[in-house]
Amino acid sequence: MAYDVLKWTLSMFKRNIEVELKRWKNDSTRKPLILRGARQVGKTSVIRKFAKENFENLFEINLENKETYRKFENVVSVSDFITRLEVIENRKFTSSNSLLFIDEIQESSDVMNLLRFFAEDRPDIYLITTGSLLEAKLNSDFRIPVGRIEYKFLYPLTFFEYLEATSNQILKKEIESMKLGDTNSLNDMASAEYKNYVYVGGMPAVVAKYVEKQNFFEIKEILSRLYSTYIDDVSKYSKKHGEKKYLEWVVEMGPKYGGCLFRYEKFADSEYRSREMSNAFRVIEKIMILNQVSSVNSTNLPLNFKLKRPKKLIWLDVGIVNYFNNAYPEMIQGIYAGRIMEQIVGQTLITRFNQRRFELGYWSKDKDEGSAEVDFCFQYKDKIVGLEVKSGIGVKSRSLGNMVKEGKGKVIPVQVSWDKLEIGKNGVLSLPFYLLERIDEFLNFYNL
C-alpha cells in the first residue's frame with residue numbers, strides 16, 4: 002500500500018474515543034488534553050480526523066521534528082508560543098475555531114511546562130497534545146501540571162472498531178443490539194470474524210493493510226516494521242547507563258509471553274536479576290507497550306494486589322504477539338488458543354477506561370489453600386468480577402465456582418468463550434468473545 006493511500010485509510014477509521022473528544026470540546030470547564038497511547042495506535046490520525054470534523058483550522062506541530070523543536074526552544078509564555086506558531090504557519094491563530102495540536106510534547110520540557118499556563122491564562126484555546134514516551138521522559142525539570150490537564154487513553158482497535166474498519170458495519174450493528182434471551186443466528190458469522198480479528202490484531206496500519214489485501218500473510222511486513230520501531234525506541238527512554246540492555250530484552254522477548262504468567266528473575270531464560278527486570282518492566286509499562294496483571298488472593302475490596310507473585314503479561318496488541326510467535330490463523334483454535342485468548346481478553350478489558358488506567362488482576366488462592374486460579378478479576382461498582390477465559394466450547398470452570406463460594410455474594414462470575422450469551426442456572430454470565438466490549442451492559446443485569 003502506497004504511503005498516501007495508507008495515510009488516507011487510517012484517517013477514515015472510526016474510533017470510539019471520538020465521542021469522548023467531542024464531549025471534551027463541548028465542556029465549558031475543559032482543560033488542555035493529553036492523549037496517551039503507545040506509538041502507532043493511531044493518536045495522530047484520530048486527532049486530525051477530529052479536527053477536520055469539528056474545527057475550521059488545525060494548527061499542528063510535532064516536537065519530534067528537530068527543526069520544529071528548535072523553533073519553540075526556550076519559549077517563555079503562552080503569548081510567546083502563539084506568536085512563534087503564527088510566524089511559522091504564516092496565519093493568525095483564532096481560538097474560537099481552531100484546534101492546537103502538539104504532537105510528542107515530551108520532547109520539550111519548555112512546552113510541557115507551559116500547559117499549566119494554557120489552562121490558567123488561555124482556557125479558550127482548544128489544546129490537545131500527545132506523548133507516547135511521556136512518563137518515561139519525566140525528570141526533575143519536566144513536570145506534569147497536576148489538576149490543570151486532562152488525560153484520555155487510546156489503544157489498538159477493539160473488535161467493534163475493527164468491524165467498522167473492515168466494512169462489517171451491519172454485523173457490528175446487529176451484535177451491538179443483542180440482548181440476553183435473543184435467538185442468535187449470527188453467532189457463527191460473528192465468531193468467524195472475531196477469529197480473524199484475533200489473528201490480525203488492532204494496530205491501525207496492520208488493519209489498513211488487511212483491508213487492502215484481505216490476506217493474512219500480507220500483514221507480516223507491517224507487523225515487522227512496528228515491532229522494529231519499538232525496539233529502536235528503547236534508547237529514547239533509557240535514562241541510566243546500563244539500563245538499555247534490560248529494556249531491550251523486555252521489548253524483544255515480551256511478546257513471547259503475551260497471555261502468560263511470568264517472573265522477573267531470569268525472565269525469558271536470561272541471566273538478569275529480578276531488580277533489573279522489574280525496573281525495565283515498569284518503564285515499558287509506562288509507555289503503554291505492555292500491562293502487568295498482578296495476583297489477588299481475596300474477594301474483599303479494595304483489591305489487594307500481591308506484587309511479589311508471578312504476573313500475567315498482556316502485550317500491547319495480539320497481532321504483535323502472533324507475529325512474534327510465528328502463529329498462523331489455524332492456531333487460534335489449537336493449543337496456542339488458550340493463551341492467545343487470554344491475551345485478547347486482557348487487551349480488551351484494559352480498553353474499558355479511556356480516561357484513566359484500569360486496575361486488572363487475576364485471582365489465585367494461596368498455595369496452602371489449594372490451586373484455584375481465575376484468569377482475570379476487577380472491581381465493578383461494589384462487587385468483584387471474576388472472569389474465566391475458555392477457548393473451548395462447553396467448558397466449565399471449577400476455579401470460578403470456588404471464587405464465587407469464597408466471595409459469599411460479592412463476586413459476579415463471568416465466563417468468556419465461544420458459547421452463547423446467557424446467564425446460566427449457576428448464575429454465571431456466559432459471554433461470547435465478540436461481545437466482550439459490552440460486558441458492562443450485561444453486568445448490570447445482576448441488580449447492582
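Just so we're aligned, residue 2 is where the sequence shown starts under this note's numbering, counting upward by one. Cβ atoms here follow ideal geometry from the backbone N, Cα and C, with glycine treated the same way.
{"query": "Beta-carbon proximity list for ILE103, same chain, < 6 Å, skipping 5 on both sides", "result": "ILE62, THR130"}
{"query": "The beta strand (DSSP E) enclosing LYS313, as first and last residue numbers", "result": "312 to 316"}
{"query": "Segment contact flag, the stretch 242 to 259 with the stretch 305 to 320, C-beta cutoff 8 Å, min 3 pairs", "result": "yes"}
{"query": "Contacting residues, own chain, Cβ-Cβ under 8 Å from PRO303 (five flanking each side not counted)", "result": "GLN380"}
{"query": "Proximity to LYS391 [Cα-Cα], best of ILE345, PHE354, LEU164", "result": "ILE345"}
{"query": "Residue ranges of each beta strand (DSSP E) within the stretch 394 to 434, 3 or longer", "result": "412 to 418, 430 to 433"}
{"query": "Close beta carbons around GLY425, own chain, < 8 Å, minus the five adjacent residues each side", "result": "SER431"}
{"query": "Own chain, CB closer than 8 Å to PHE354, minus 5 neighbours either side, in chain order", "result": "PHE154"}
{"query": "Cβ pair LEU86, PHE118 closer than 9 Å", "result": "no"}
{"query": "One or two residues paired with LEU262 in a DSSP bridge", "result": "LYS313"}
{"query": "9 Å Cβ cutoff met for SER109 and LEU64", "result": "yes"}
{"query": "For LYS409, the nearest candidate out of LEU308, VAL386, VAL251, ASP189 (CA to CA)", "result": "VAL386"}
{"query": "Alpha carbon of GLU54 to alpha carbon of SER365, nearest angstrom", "result": "47 Å"}
{"query": "Extent of the continuous alpha helix (DSSP H) run through ILE351", "result": "338 to 351"}
{"query": "Rounded C-alpha distance that separates SER296 from ARG264", "result": "12 Å"}
{"query": "CB contact flag (GLY148, ILE106, <9 Å)", "result": "no"}
{"query": "Member of ASN91, ARG340, GLY347 whose CA lies at the smallest distance from the CA of GLY393", "result": "ARG340"}
{"query": "Top-ranked residue by Cα proximity to PRO33, from VAL79, SER46, GLU68", "result": "VAL79"}
{"query": "C-alpha distance - GLU389 paired with LYS210, whole-angstrom precision", "result": "33 Å"}
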